[in-house]
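First up is the structure itself, then whatever we jot down about it.
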Amino acid sequence: MFFFFYGTLCDPDVLALVLGYRPAQHQLKPAILPGFRRKTAQGRTYPVLRPAPNGQVTGWLFRARSPEDGRRLDAYEGPEYLSRRRLVRPQGAAAPRPARLYLPFPGRLSAGNADWELPQWQRRHKPAFLKLLLQQTEADSACARTPPKANPSP
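Under the numbering used here, the letters of the sequence shown match residues 42 to 195, in that order.
This is how it looks when you write it as structure tokens:
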């Protein structure tokens, strides 16, 4: 199973906390999603995708090592996002590949006007985001041994 990451899951520390392990190099490959733009979610620090016919979003194509990875990713994204299959172009590949990605659930998340950029998010919001995610992960593990339940919002 393949996933396309375009936001906070592109950060190796966030991804490791969500999955419970650091993915091997062969599990991640740079990729492009055509037909969208990445915007900051209104009132949040993380991104959403907005359809844009001439747009494209860079990110990572992730190869899950087990169904558990998918369950953990679904739990992390929570009810604000819907999992959908789209074609992405892995770097160096001749053909696009289908992958799951998370689109905003209609009526729960809307896109703001600002573009979302990982380096800016890492500088401004990552420390607080990781702290909340770590607290949530520890609480969830203590209660039910389940993964984190949604994008924390500092």
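Don't be surprised by glycine CBs; every beta carbon is placed ideally from N, CA and C.
If you follow the alpha helix (DSSP H) that residue i is part of, which residue opens it and which one closes it?
i      : result
Tyr117 : Pro108 to Glu118
Arg203 : The question about residue 203 has no answer, for the chain in this structure spans 42 to 195.
Gln163 : Leu159 to Arg165
Run through DSSP, which three-state label would residue i get?
i      : result
Trp101 : strand
Leu50  : helix
Lys190 : Residue confidence for Lys190 is low, a pLDDT of 49 falling below 50, so the modelled location carries little weight and cannot support an answer.
Ala136 : coil
Gly92  : The residue you asked about is not Gly; residue 92 is Pro in the sequence shown. Strand, per DSSP.
Thr86  : coil
Arg63  : coil
Phe43  : strand
Lys80  : strand
Ala169 : helix
Ala57  : helix
Leu69  : strand
Given residue i, which residues of its chain have a CB within under 7 Å of its CB, disregarding the five upstream and five downstream residues?
i     : result
Asp54 : Leu171
Pro64 : Leu56 and Phe103
Leu60 : Asp110 and Arg113
Considering only the beta carbon of each residue, do residue i and residue j sit closer than 9 Å?
i      : j      : result
Ala72  : Arg130 : yes
Pro145 : Ala82  : yes
Lys80  : Gln132 : no
Val98  : Arg78  : yes
Phe46  : Gly100 : yes
Leu142 : Arg126 : yes
Gln68  : Ala105 : yes
Pro88  : Gly48  : yes
Leu128 : Pro139 : yes
Name the two residues that bound the continuous beta strand (DSSP E) containing residue i.
i      : result
Gly148 : Element bounds for Gly148: n/a, residue is neither H nor E.
Which residues in the same chain have their Cβ closer than 8 Å to the Cβ of residue i, if we skip the five residues on either side of it in sequence?
i      : result
Cys51  : Gly100, Trp101 and Leu159
Ala155 : Lys80 and Thr81
Gly96  : Pro75, Gly76, Phe77 and Arg78
Check whether chain B comes within 9 Å of residue i, counting only Cβ atoms and requiring the distance to be less than that.
i      : result
Arg126 : Absent from the structure is chain B; it holds one protein chain and no more.
In its own chain, which residues sit with a C-beta less than 6 Å from the C-beta of residue i, not counting the 5 before and 5 after it?
i      : result
Glu121 : Phe146, Arg149 and Leu150
Are three or more beta carbon pairs between the stretch 81-94 and the stretch 55-68 nearer than 8 Å?
The stretch 81-94 is not in contact with the stretch 55-68.
Specify whether the stretch 98-116 and the stretch 161-175 touch according to this definition: at least 3 beta carbon pairs, one from each stretch, less than 8 Å apart.
Under the three-pair Cβ rule at 8 Å, the stretch 98-116 does not count as touching the stretch 161-175.
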